[in-house]
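The next block holds one structure in the form of C-alpha cells; read it before the comments.
Residue numbers (full-length UniProt numbering): 1 to 215.
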C-alpha cells in the first residue's frame, strides 16, 4: 500500500496478501506467558480471575481500576465529540463513567476469552477472518487463522490506534477510519477493520485499558 506521511517509524504489516504466506508468518511458535500476577493491576486481575471461572465478574466487592489519572481511553474522535457537551466532569460523573467502563471491560473480557471473530487487514487491503482470544491473565493475544495461531504479548504492543489517531502513524497496510492498529515493538503491525465506529471504539477502548493493565 501507499506510504503514509509522517516522521515516525514505518510499521510493516505482518500479514502477507498471500494466505499461505500469512500462515508461514504465523508459525512463530507459542510465546510463553511471563510476569507474575503481582504486576497486573487490580482491574485486570479481578477480570481475569472471574473469567477463569472463580465467579461472576459482578460478584464480590468492587475494586477500583488502577488507571493513572492522566490516562485517557478515549480516542481523538471521542474527545472531539465530547468537548461540546461539557468541559469538566463532576466527581459523580467520573464515578459513573468509571463504573460504566468497568462493566464494559468485564463484558469484553468474557467475550475475548471465548473468542472473537475479527477481520485482519492484509497488505493489499483484503480482509482475512481470524479468531482473537486472550489468556486468563490477559497478557497474551492469540490470533488464529485456520489451524495456525500467532501469540502476541500485550507488552510487545507499543500503541493501539484507531480513527483519527491512525493519521499519526505510517504503515504498509492501507488504513481507513474503521480500522484499529496494534503497533508492535518489532516494527510490525496488525490492523483490524470493523463495520462501524461504535464497534471500532469498543474494541480499541477495551484493548487500551487491558494493555495499560500489564504495565
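Ideal Cβ positions, reconstructed from N, Cα and C, are used throughout, including at glycine. These figures come from a predicted structure and were not determined experimentally.
If you draw a straight line from the Cα of residue 156 to the Cα of residue 91, it comes to about 34 Å. Nearest Cα to residue 214 within the set 205, 138, 103 and 89: 138. Looking at the backbone, the Cα of residue 168 and that of residue 117 are separated by about 27 Å. Residue 207: member of the alpha helix (DSSP H) spanning 197-213, first to last residue. Boundaries of the beta strand (DSSP E) harbouring residue 182: 179-184, taken from the DSSP string. Taken atom to atom, the span from the alpha-carbon of residue 193 to that of residue 127 is near 8 Å. Assignment of residue 133 by DSSP, reduced to helix, strand and coil, places it in the strand class. Taken atom to atom, the span from the alpha-carbon of residue 206 to that of residue 136 is near 16 Å. Taken through DSSP and simplified to helix, strand or coil, residue 106 comes out as helix. When rounded, the separation of the alpha-carbon atoms in residue 104 and residue 172 is 32 Å.
Spanning the alpha carbons of residue 189 and residue 99 requires a straight line of approximately 32 Å. Comparing alpha-carbon positions, the option among 108, 186, 94 and 152 lying closest to residue 204 turns out to be 108. It is roughly 26 Å from the alpha-carbon of residue 149 to the alpha-carbon of residue 176.
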